[in-house]
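Numbering (the working numbering), first residue to last: 46 to 338.
Every residue, glycine too, gets a C-beta built ideally from N, C-alpha and C.
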């Protein structure tokens, strides 16, 4: 299976049309058609359902599409890394990051680096700690910013002097919004419909309220704060999450009330032990120390 043919396959899958894919790839349609036919014969599977005007993926094609995207993405990133080894003034740095207001401190370091070294591009991949650690393990990231415990045997780390505090984000017309702090008893006794990330339920709230976590009235889970804020505004439920990642200014429909006792999440920058960092990644690493001063 040739790398070039995988790119052909992905282009057809995205466009849903052989002619448009051929134009984008700057190859003739007969050439493209033969390459895909040869690929299907090599795999012994039919990858597309063909009609007069479109092509859609078969079940087998969907599996290859998912894998081919990862393969092509990783190959392109590898090429960029190799180029950056001989172009120390530029290159890519890939960072996975959990949603946190503390990212602003990392952003300041990135800005300083880009001002000092032209040509450096920082790619941020958002996700919970589990998803960014997965990408880090696969070599798709240089660093990850996480807000939970991790395997000390696998990663080097810098613990930053910042913590996010959990609270309840709810509509201002909710009686709970009049409280100065929210306890586990408030949430259980009111049977308040709650929205939270799967990671926080599995890790953080087990520490905060232990077995009583099961008594919480969880009605929805999710990972993207903006989407969760829309659910809260439409009265689906109140959100258990960090402060400052959802707009709770006086003009907003939503208010933030801190949890009591405080539930804090420390912030770490981690990277794989034994991994060879590219020159731009090393430059960024040299500046991380300023975050802990």
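What is the rounded straight-line gap between the Cα of residue 284 and the Cα of residue 248?
16 Å
Nearest-angstrom Cα separation, counted from residue 312 out to residue 147
8 Å
Should the segment 266-283 be regarded as contacting the segment 193-209, the criterion being three or more beta carbon pairs within less than 8 Å?
no
Alpha-carbon to alpha-carbon, residue 239 and residue 65
47 Å
For the alpha helix (DSSP H) containing residue 83, list its first residue and its last residue.
74-88
Among 48, 320, 237, which residue has its Cα nearest to the Cα of residue 202?
320
Taking the alpha-carbon of residue 76 as reference, which of 235, 59, 179, 49 has the nearest alpha-carbon?
49
Would you say residue 227 and residue 254 are within 8 Å of each other, going by their C-beta atoms?
no
Within a Cβ cutoff of 6 Å, which residues of the same chain sit near residue 151, ignoring the five residues on either side of it in sequence?
none
Opening and closing residue of the beta strand (DSSP E) in which residue 201 lies:
200-216
Going by other Cβ atoms of all chains shown within 10 Å of its Cβ, with 16 needed for buried, is residue 335 buried or exposed?
exposed
Applying the 10 Å Cβ sphere with the 16-neighbour rule, what's the burial state of residue 34?
This structure leaves residue 34 out entirely; the chain is present only between 46 and 338.
For residue 298 and residue 7, the rounded distance between their alpha carbons:
As displayed, the chain neither begins before 46 nor continues past 338, which places residue 7 out of reach and without an answer.
What are the boundary residues of the alpha helix (DSSP H) that residue 243 is part of?
243-247
Compute the Euclidean distance between the alpha carbons of residue 326 and residue 259, then round it to the nearest angstrom.
42 Å
What would DSSP say about residue 139, mapped onto helix, strand or coil?
strand
Does DSSP put residue 256 in a helix, a strand or coil?
helix
Cβ neighbour criterion (16 or more within 10 Å) applied to residue 157
exposed
Assigned exposure category for residue 18 - 16 Cβ within 10 Å defines buried
Because residue 18 is not part of the residues shown, which for the chain are 46 to 338, the question remains open.
Residue 309 - containing beta strand (DSSP E), residue span:
309-317
Thinking just about the alpha-carbon of each residue, which of 145, 119, 52 is nearest to the one in residue 139?
119
In three-state terms, what does DSSP make of residue 272?
helix
Hey, would you say residue 186 sits closer than 8 Å to residue 141, going by beta carbons?
yes
Residues in the same chain with beta-carbon distance under 8 Å from residue 252, minus the five sequence neighbours each way, listed in chain order, please.
308
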